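In my numbering, the protein residues as written are 130 to 394. Built from N, CA and C at the ideal position, the CB exists for glycine as well. Please read all numbers here as calculations on a predicted model, not as lab measurements. Okay, structure first, notes after.
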Ligand code: GDP
């Protein structure tokens with residue numbers, strides 16, 4: 130299997146000095162000090178697990194013999210989806226937003242998991258289902274784009290509307306370019322269906338601090354003014370530096386009911 134990247138495990142992050150550690154575990158908080166005084170940052174810390182909760186979530190994402198993490202199956206139609214037996218989360222976003230990289234980062238402590246990528250143009254895009262022990266399933270939805278065919282749109286719509294065990298949708302947005310037209314279409318769809326979702330800003334290592342701050346504040350404002358179903362706290366991630374990945378694991382554990390004790394901050 131693959132070797133885990135350097136900061137894939139919390140034990141490695143805990144060895145860093147404090148400021149770097151905060152940047153890796155709570156990237157949004159790292160930005161706080163650069164905001165104008167008086168900026169409301171309540172929404173930066175709505176979900177702020179302590180070390181015990183972070184460790185518990187990490188254990189869920191670490192496979193072993195008694196706790197297998199596996200790719201289950203792919204489906205192009207809802208009647209091919211596995212039975213809705215466990216709480217489920219799904220990841221959606223534009224092609225190239227960093228979705229497969231992020232899912233690979235989340236599963237980096239289960240190196241036997243193959244996160245498949247089908248980028249060949251003309252190849253049928255599928256929903257890929259992963260099972261995390263007996264606790265939850267994670268679905269990698271096909272990336273959307275301007276050339277998304279109708280059957281693809283229908284597949285995503287059908288999934289979002291019909292999947293009874295879907296607990297939360299993670300909408301990935303490129304942290305360098307911010308919200309795009311296609312992202313707004315996804316937001317409208319989620320809002321119309323009344324589906325709880327959360328926005329994840331990807332590739333934050335590639336954005337300058339200024340660009341990142343601008344995108345964070347803009348999207349936060351957008352969420353506040355235009356959405357009902359979006360969790361007010363944004364999640365920032367870099368699959369290269371591993372920032373935000375530990376926090377995201379905890380949030381997935383939380384929304385699937387596997388983190389009963391998130392301490393209030
Ligand atoms: P997908 O189409 O959404 O699955 O996107 P990929 O995960 O394949 O990523 C698209 C491109 O962005 C690839 O070249 C990745 O190497 C790059 N990428 C993805 N995540 C990150 C990240 O966190 N940081 C940086 N610097 N590049 C990333």
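Nearest neighbour of residue 203 by Cα position, chosen from 156, 311 and 260, turns out to be 260. Exposed is the label assigned to residue 241, since fewer than 16 other Cβ atoms lie within 10 Å of its Cβ. If you draw a straight line from the Cα of residue 195 to the Cα of residue 325, it comes to about 31 Å. For residue 221, the secondary structure class from DSSP, reduced to helix, strand or coil, is strand. Contact between the region 175-194 and the region 137-146 is present: three or more C-beta pairs spanning the two stretches fall below 8 Å. Around residue 199, the same chain offers 260 as residues with beta carbons nearer than 6 Å, after the five sequence neighbours per side are excluded. The beta carbon of residue 227 sits closer than 7 Å to at least one heavy atom of the ligand GDP. Within 7 Å of the C-beta of residue 334 there is at least one heavy atom belonging to the ligand GDP. For the region 239-322, the full-length beta strand (DSSP E) segments reaching 3 residues or more read 256-261, 265-269 and 295-303 along the chain. By the 16-neighbour rule on beta-carbons within 10 angstroms, residue 373 is buried.
Going by beta carbons, residue 340 and residue 305 fall inside the 8 Å limit.
Checking the 7 Å criterion, the Cβ of residue 367 is within range of a heavy atom belonging to the ligand GDP.
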